[in-house]
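In order, the protein sequence lines correspond to chains A and B.
The numbering used here puts the first residue of the first sequence at 57, with every later residue one more than the last.
The numbering used here puts the first residue of the second sequence at 18, with every later residue one more than the last.
Heads up, the beta-carbon is just placed ideally off N, CA and C, and yes, glycines get one too.
All of these numbers come straight from a predicted model, not from anything done at the bench.
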Amino acid sequence: MLATAAVLAVSGVAIYGALEADRVGLLVLALGAGSVVLLVYGLALASPPAIVAALAGVAGSWSASAWTRGAGAPGGTILAAAGIFVAAELAYWSLEQVSVPDEAELVARRAAGLAARGALALALVSFALAALDLHAGGGLVLEAVGVAAAVGLLALVLVLARAGHEVPER
Amino acid sequence: MTATTGAGFSARASESRGLFSGIASDAAAAGRVTRYATPKLGGYVVLTALGLLAALIFARPELALIAAPFAVTLAVGLALARQPDVRVHVEIDRERVLEGDEIEVEVELDARDSAPRLELLVEIPPGLELVDGTNPLALRLEPGDERTLELRFRCARWGAYRLGDVHLRARDAAGLLAWEQTLDRAGALRVYPRPEELRELVAPRETQLFTGNRVSRQKGEGLEFVDLRPFAAGDRIRRINWRASARRGDLWVNEFHAERNADVILFLDSFADARRGGTGTLDQAIRAAASLSERYLLDKDRVGLVNFGGVLNWLRPGTGLMQRYRIVEALLNTEITLSYAWKEIDVLPRGTLPPKALVLALTPLLDDRAVSALLDLRARGFDLVIVEISPLPFVEPAPGASGELALRLWKLRREGLRSEYERAGAPVVEWHEGTPLTAILEGVSASRRHARARA
């Protein structure tokens, strides 16, 4: 159920990107379809790397679609970003169910939480798109994003390394 | 650790406190808490980094926007992640049960702090089947929540088990970090083989000195009339047979067979086990030994056990309830141990095999060492009865004509072995799975009676 929902979400983004593309629509569709296949594979075999690759692939297909339409980010990016995020949440939730299924009450709470996070993602991307006026594209804003990427990556690697440590009971 | 009373033989309660908490008085039992990053954390980091870097490299803002929800989830999730604090109390209602009985395990959870997703797994040893309840289970606990999970297990197979080990895994609200802990709260659960109802037992040829329920060949105090003899000084008046005395004109008294007990040694061959699916010859032997020991002990006989396998164990003959428990405990610890050591029966201490004992062997006749040991026993003059637990139902012939031929040869060899025992004066009775043991014992008793009559 969760896996199906994740696949549907990714498929939706892939089809949306292909339909919105001004040219090389088939290429965008092929990239999206490949991502969907990869996601199905990842969910079937409970393979997190395949899921990451599938999500990156569908993001790439959307980016390719956006590229055919010019330098700026199209308005549909809001839906695409929220869709990819919800698909990721569903996919990882689905992986958790492979080992231990949630009891009914927990499923309801998690579903509500997911809906809220999806809405927040939608709001966040909308806000970012509006505030940064990314339709203009390039320049100082993208440079700032790049620096943030580098700093953020370093910080997250450090967090990951710390998280992997075993913590004895206090 | 607390103790409560409950139904059954006894009750056991165990508490693990400090699970995911900051108190460490029971750390050895509670085990270590291991924190690790979930695949989701790794995936979100990769997606965020890829999105942001690709946005920079290709100058595509939409990639940065797509990465934004992942980045925010990481930042908020990691900032809010906290080690949960849940205490666990495991209670098993009984620690000694019979095969086929059901036991109830209660897992009480007491959350001192929230656990957005707590996975709980009670380790089930093979031989126990979950009949009611959910295991494993994922649930959510708010601070102050108390939950009791009830699990009902059916004890499908005899054995000594450790039950109560609990594995816990908690995740933070975003599912980025996980904490794992194993609570070593296992208690011993002993599942005794369910004894079969036996109508008749193989009567030992010789009895011992102690009072019992067996009619001895010797004369003495008892109920079974044996003979008449002239009255002698010291004879009790109530023993006078007045009718015979009146007929003969002199006082005659009745003589009776003494009632004595007997020594029975159960010889369990645990060198080899023919097994298919959930059952095998050793299971049959264990159940038979449990049934026989119970029944012989009820008849006031002294019962001992020789567990003859890769590891040699024995129990000296004894009587009473304690001996019954000793035998069953020894049976529970029986397992097939691979050993190439040659064990002569002579290595057994003399006291293990008391003179005039009936040796009742339960064997699949698969291992030459056990086969020879039984022949040695017979040669030493023991009253030996062999119950051959047939391995045939558990054997599948190899495909092809050669496989069939090998099976036939193997069966012929077994026939030859039986003849050898019978020539030595030890009856062998073949017991197939599904046949009641009592029918087998009745057959043995009948053949021994006929043999005695012929002699």
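Spatial neighbours of residue i within its chain, please: CB distance less than 8 Å, with the 5 preceding and 5 following residues excluded, ordered by chain position.
{"i": "B/V93", "result": "A191"}
{"i": "B/G239", "result": "V232, S233, F273, H274, A275 and E276"}
{"i": "B/A155", "result": "R134, L135, E136 and L137"}
{"i": "B/E159", "result": "A128 and S131"}
{"i": "B/A291", "result": "G297, T298, P381, L383, P408, F411 and V412"}
{"i": "B/K428", "result": "L409"}
{"i": "A/R166", "result": "W149 and D158"}
{"i": "B/G335", "result": "R319, V320, G321 and R343"}
{"i": "B/A423", "result": "P414 and A415"}
{"i": "B/A305", "result": "E213, L379, V404, I406, W448 and L454"}
Run through the DSSP bridge pairs and tell me what residue i is partnered with.
{"i": "A/Y36", "result": "Since the first residue of chain A shown is 57 and the last is 226, residue 36 of chain A is not available in this structure."}
{"i": "B/F325", "result": "B/D286"}
{"i": "B/K236", "result": "B/H274"}
{"i": "B/W269", "result": "B/P247"}
{"i": "B/Y53", "result": "B/A195"}
{"i": "B/A297", "result": "In the sequence as displayed, the identity of residue 297 of chain B is Gly instead of Ala. Per DSSP, B/R292."}
{"i": "B/W427", "result": "DSSP output for B/W427 lists no bridge partner at all."}
{"i": "B/A155", "result": "A/D158 and B/E136"}
If contacts are defined as beta-carbon pairs under 8 Å, then residue i and residue j qualify, I think. What distance do you get, rounded to the angstrom?
{"i": "B/L138", "j": "B/H184", "result": "4 Å"}
{"i": "B/D182", "j": "B/L194", "result": "That belief does not hold up - the Cβ atoms of B/D182 and B/L194 are roughly 24 Å apart, past 8 Å."}
{"i": "B/L322", "j": "B/A347", "result": "6 Å"}
{"i": "A/A115", "j": "B/L80", "result": "7 Å"}
{"i": "B/V89", "j": "A/L180", "result": "6 Å"}
{"i": "B/I303", "j": "B/T351", "result": "6 Å"}
{"i": "B/R253", "j": "B/N271", "result": "Wrong, their Cβ atoms sit about 10 Å apart, outside the cutoff."}
Check whether the Cβ atoms of residue i and residue j sit closer than 8 Å, and answer yes or no.
{"i": "A/S227", "j": "A/S117", "result": "Chain A is shown from 57 up to 226; residue 227 of chain A falls before or after that span and cannot be answered."}
{"i": "B/Q225", "j": "B/K373", "result": "yes"}
{"i": "B/L299", "j": "B/S287", "result": "yes"}
{"i": "B/E447", "j": "B/S407", "result": "yes"}
{"i": "B/V445", "j": "B/R435", "result": "yes"}
{"i": "B/R186", "j": "A/W123", "result": "no"}
{"i": "B/E241", "j": "B/S462", "result": "no"}
{"i": "A/A106", "j": "A/G113", "result": "no"}
{"i": "A/A136", "j": "A/V84", "result": "no"}
{"i": "B/A443", "j": "B/L377", "result": "no"}
{"i": "B/A84", "j": "B/T65", "result": "yes"}
{"i": "B/L166", "j": "B/G204", "result": "no"}
{"i": "A/E161", "j": "B/R157", "result": "yes"}
{"i": "B/Q301", "j": "B/V320", "result": "no"}
{"i": "A/A110", "j": "A/V66", "result": "yes"}
{"i": "B/L82", "j": "A/L185", "result": "yes"}
{"i": "A/P104", "j": "B/G60", "result": "yes"}
{"i": "B/L147", "j": "B/Y178", "result": "no"}
{"i": "B/L454", "j": "B/S308", "result": "yes"}
{"i": "A/A70", "j": "A/G88", "result": "yes"}
{"i": "B/T51", "j": "B/E213", "result": "no"}
Which same chain residues, not among the five before or five after residue i, have their C-beta less than 6 Å away from its C-beta?
{"i": "B/V208", "result": "V114, E116, C172, W175 and G176"}
{"i": "B/D316", "result": "N230"}
{"i": "B/E432", "result": "none"}
{"i": "A/L170", "result": "E145"}
{"i": "A/S182", "result": "I134"}
{"i": "A/A59", "result": "L99 and S150"}
{"i": "B/A44", "result": "Because the pLDDT of B/A44 is 43, which lies under 50, any placement of that residue in the model is unreliable, and the number read from its coordinates should be weighed accordingly. For B/A44, where only same-chain residues beyond five positions count, there are no Cβ hits under 6 Å."}
{"i": "B/G420", "result": "P414"}
With respect to 7 Å, is the separation between the Cβ of residue i and the closest non-hydrogen atom of the ligand NAP below this value?
{"i": "B/L218", "result": "Looking for the ligand NAP in the displayed structure turns up nothing, as the structure carries no ligands at all."}
Could you work out which residue in the options is closest to residue i when comparing CA atoms only?
{"i": "B/P381", "options": "B/L375, B/L370, B/I403 and B/L392", "result": "B/I403"}
{"i": "A/V142", "options": "A/L58, A/A164, A/T124 and A/G174", "result": "A/G174"}
{"i": "B/D318", "options": "B/I344, B/I257, B/A468 and B/A279", "result": "B/A279"}
{"i": "B/R466", "options": "B/P221, B/F242, B/G451 and B/G144", "result": "B/P221"}
{"i": "B/H106", "options": "B/W196, B/E163 and B/I120", "result": "B/E163"}
{"i": "B/T55", "options": "A/A110, A/E152 and A/V163", "result": "A/E152"}
{"i": "B/L458", "options": "B/G417, B/E437, B/L422 and B/E405", "result": "B/E405"}
{"i": "A/A62", "options": "A/Y148, A/V80, A/A160 and A/A164", "result": "A/Y148"}
{"i": "A/V108", "options": "B/S262, B/V62 and B/E223", "result": "B/V62"}
{"i": "A/A172", "options": "B/R343, B/P86, B/L168 and B/L145", "result": "B/P86"}
{"i": "B/V328", "options": "B/L285, B/L338 and B/V345", "result": "B/L285"}
{"i": "B/L332", "options": "B/L370, B/R49, B/Y313 and B/L338", "result": "B/L370"}
{"i": "B/R397", "options": "B/G251, B/A441, B/G150 and B/R188", "result": "B/A441"}
{"i": "B/D149", "options": "B/V122, B/E140 and B/V345", "result": "B/V122"}
{"i": "B/R386", "options": "B/L349, B/A250 and B/A289", "result": "B/A289"}
{"i": "B/L168", "options": "B/V124, B/P142 and B/T452", "result": "B/V124"}
{"i": "B/L215", "options": "B/L314, B/S262, B/L126 and B/V345", "result": "B/L314"}
Starting from the C-beta of residue i, find all residues in its chain whose C-beta is less than 7 Å away, skip the five residues before and the five after it, and write them out in chain order.
{"i": "B/I362", "result": "Caution applies to B/I362, whose pLDDT of 48 falls short of 50 and renders its modelled position unreliable; the model cannot decide the point."}
{"i": "B/D244", "result": "E272"}
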